[in-house]
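Quick note, in this note's numbering, the sequence shown goes up one by one and the last residue is 149.
Below: the structure, in structure tokens.
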Amino acid sequence: MLNKVYFSALLFLSLTLNAQTSPCKAAHIGKFQVDSGESGITVIERNKKTQTEINEKMGYKARYDIVWIDDCHYELRNRTVIKGKSWEGSSPTDILKAEILKVVNGKVFLRLGSNFSDEVMECEMIKIKS
20 MLNKVYFSAL
30 LFLSLTLNAQ
40 TSPCKAAHIG
50 KFQVDSGESG
60 ITVIERNKKT
70 QTEINEKMGY
80 KARYDIVWID
90 DCHYELRNRT
100 VIKGKSWEGS
110 SPTDILKAEI
120 LKVVNGKVFL
130 RLGSNFSDEV
140 MECEMIKIKS
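Here you go:
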């Protein structure tokens, strides 16, 4: 009898945890902005398949394919520069890697890396439109 109660409780807990939506999902689609100080504000528009980045101060606009690894990890691939110049030394085959650390009150905290550098940085992105 005790085994049935334990099993039922475990099953209920498992179903409850699986039914919860990952907080990272709030950062999957929408319009965001990142304030990079001297570089200005970059506006990021993201749908299910692409991410477009616009920085008016730098006269730059680019589009990436977005590949979701899981709910909290994604990669930006196949960069296409629409306006402005590519960054010096960069390549369209560069892969930017992002981990969503947490989402709090419309702020998305990220850890960023790439396939072309060992440097890892953290930044904050603000959701401005769903």
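Ideal placement from N, C-alpha and C gives every residue a C-beta, glycine not left out.
Alpha-carbon spacing of residue i relative to residue j, whole angstroms
i      : j      : result
Lys102 : Lys44  : 29 Å
Met77  : Ile145 : 20 Å
Asp54  : Leu115 : 18 Å
Val122 : Gly108 : 32 Å
Pro111 : Phe135 : 12 Å
Gly132 : Gly125 : 22 Å
Gly56  : Asn74  : 12 Å
Glu118 : Cys91  : 6 Å
Val24  : Ser41  : Residue confidence is low: Val24 scores 43 on pLDDT, short of 50, so the model does not pin down where it sits. Its coordinate-derived value is still stated next. About 28 Å.
Ser105 : Phe128 : 26 Å
Ile19  : Gln52  : Given a span of 20 to 149 for the chain in the structure shown, any question on residue 19 remains unanswerable.
Tyr83  : Glu94  : 9 Å
Lys148 : Ala46  : 11 Å
Val139 : Arg130 : 7 Å
Asp137 : Glu143 : 20 Å
Bounding residues of the beta strand (DSSP E) (the contiguous stretch that carries residue i)
i      : result
Asn97  : His92 to Lys102
Gly132 : Lys126 to Ser133
Thr61  : Ile60 to Arg65
Gly87  : It is Trp, not Gly, that sits at residue 87 in the sequence shown. Tyr79 to Asp89 is the span of the beta strand (DSSP E), which, as asked, contains Trp87.
Ile119 : Leu115 to Val123
For residue i, three-class secondary structure by DSSP
i      : result
Thr35  : Reliability of the predicted coordinates at Thr35 is poor, the pLDDT of 44 falling under 50, and the value obtained from them is presented with this limitation in mind. Here Thr35 sits in helix by DSSP.
Gly49  : strand
Glu72  : strand
Glu138 : coil
Gly57  : First, the residue type needs correcting, since residue 57 is Glu and not Gly in the sequence shown. Helix at Glu57.
Lys23  : Residue placement at Lys23 is poorly supported in this model, since its pLDDT is 49, which falls under 50; the coordinates are not used for a value here.
Residue closest to residue i, alpha-carbon to alpha-carbon, out of the options
i     : options                           : result
Ile48 : Leu129, Ile63 and Phe135          : Ile63
Lys50 : Glu94, Asp89, Arg65 and Val100    : Arg65
Val86 : Tyr79, Lys80 and Asn97            : Asn97
Thr71 : Ser58, Asp89, Ile88 and Thr99     : Thr99
Asp89 : Leu120, Glu143, Cys142 and Asp137 : Leu120
Heavy atom of the ligand GDP within 7 Å of residue i beta-carbon
i      : result
Gly125 : This structure does not include the ligand GDP; it has no bound ligands of any sort.
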